[in-house]
Amino acid sequence: QLLGLLPLPARFGFRGLWHLVPMQTSSLIFGVKPLSAPIIRVKSLYTPTTFNDPSSSGKADSMAAGAPKWAQKTISLPPHRRGCHLITPKILKEIGQDLSGFKCGLAHLFLQHTSASLTINENYDSDVRDDTETFLNRVVPEGSSAPWKHTMEGPDDMPAHIKSSMFGCTLTIPITNGQLNMGTWQGIWLCEHRDSATGRKVVVTLNGI
Numbered sequence: 001q002l003l004g005l006l007p008l009p010a011r012f013g014f015r016g017l018w019h020l021v022p023m024q025t026s027s028l029i030f031g032v033k034p035l036s037a038p039i040i041r042v043k044s045l046y047t048p049t050t051f052n053d054p055s056s057s058g059k060a061d062s063m064a065a066g067a068p069k070w071a072q073k074t075i076s077l078p079p080h081r082r083g084c085h086l087i088t089p090k091i092l093k094e095i096g097q098d099l100s101g102f103k104c105g106l107a108h109l110f111l112q113h114t115s116a117s118l119t120i121n122e123n124y125d126s127d128v129r130d131d132t133e134t135f136l137n138r139v140v141p142e143g144s145s146a147p148w149k150h151t152m153e154g155p156d157d158m159p160a161h162i163k164s165s166m167f168g169c170t171l172t173i174p175i176t177n178g179q180l181n182m183g184t185w186q187g188i189w190l191c192e193h194r195d196s197a198t199g200r201k202v203v204v205t206l207n208g209i
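Using the UniProt record's numbering, you'd call the opening residue of the sequence shown number 1 and step up by one each time.
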């Protein structure tokens with residue numbers, strides 16, 4: 001927003017004082033017309049201006065490269081034991097061909113379950129995954145002394161739902177030049193919160209150019 005200096009009304013008891021206010025807000029309060037339009041602060045990284053120019057000599061493949069596109073796939077994961085598991089290689093194997101067609105975009109991962117979760121964390125030392133499982137088990141108690149009412153599927157039932165909400169079931173990762181643009185030590189984790197889990201499904205949606 002643009003900022004402007006306006007005098008405080010005399011009824012406020014501050015004659016001769018000025019204060020800094022957004023011009024759009026001042027227009028609503030005092031009926032003052034902004035001096036100029038708000039400055040646009042967001043600039044597109046990829047602006048296909050040549051595509052709309054009749055005089056441009058851009059080729060058809062350049063136009064196709066700049067057009068937004070989508071891809072979606074449901075990935076089936078085998079049952080995992082309770083704990084945190086690195087699934088980056090599995091995800092990349094399933095979406096690699098589609099992923100390579102994007103220069104810039106986003107990959108959205110959605111886990112279709114309420115007793116497991118997705119997160120991004122350490123991809124090298126497996127102790128980090130073990131320690132994370134230890135943390136979750138200490139934060140969310142289970143057993144006969146736990147206060148949960150929803151125990152129809154066992155003592156790990158309600159704790160699994162709570163842990164799922166703590167980490168969440170979605171991830172969004174940037175795509176750059178056909179690859180997931182994650183840090184060197186980042187990996188995609190499936191966190192399984194049930195003692196006897198079934199297979200899990202992850203819906204991966206890619207969009208970009």
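Backbone N, C-alpha and C fix where the C-beta goes; we use that ideal spot for every residue, glycine too.
The continuous stretches of alpha helix (DSSP H) do not include Arg82, and DSSP gives it neither H nor E. Counting every other CB atom within 10 Å of its CB across the protein chains shown gives Phe135 a total below 16, marking it as exposed. Gln112 is the residue among Cys84, Gln112, Ser100 and Lys103 whose C-alpha sits nearest the C-alpha of Val203.
For Thr88 and Ser165, the gap between their C-alpha atoms comes out near 21 Å. About 6 Å separates the beta carbon of Leu180 from that of Ala107, a gap short enough to meet the 8 Å contact definition. The Cβ neighbour count for Met152, taken over all protein chains shown within 10 Å, is under 16; the residue is labelled exposed. Given a length threshold of 3 residues, each whole run of the beta strand (DSSP E) inside the stretch 146-198 is given here in chain order: 170-176 and 186-192. Residue environment: Trp189 is assigned as buried (16 or more neighbouring CB atoms within 10 Å of its CB, all protein chains considered). Burial check for Asn123: the Cβ neighbour count within 10 Å reaches 16 or more, so the residue is buried. Thr132 carries a helical assignment under DSSP once its states are collapsed to helix, strand and coil. Shown here, Ser144 sits in coil according to DSSP, grouped into three states, outside any helix or strand.
For Ser76, the enclosing beta strand (DSSP E) covers residues Lys69 to Leu77. Following the DSSP letters along the chain, one finds Asn207 inside the beta strand (DSSP E) bounded by residues Arg200 to Gly208.
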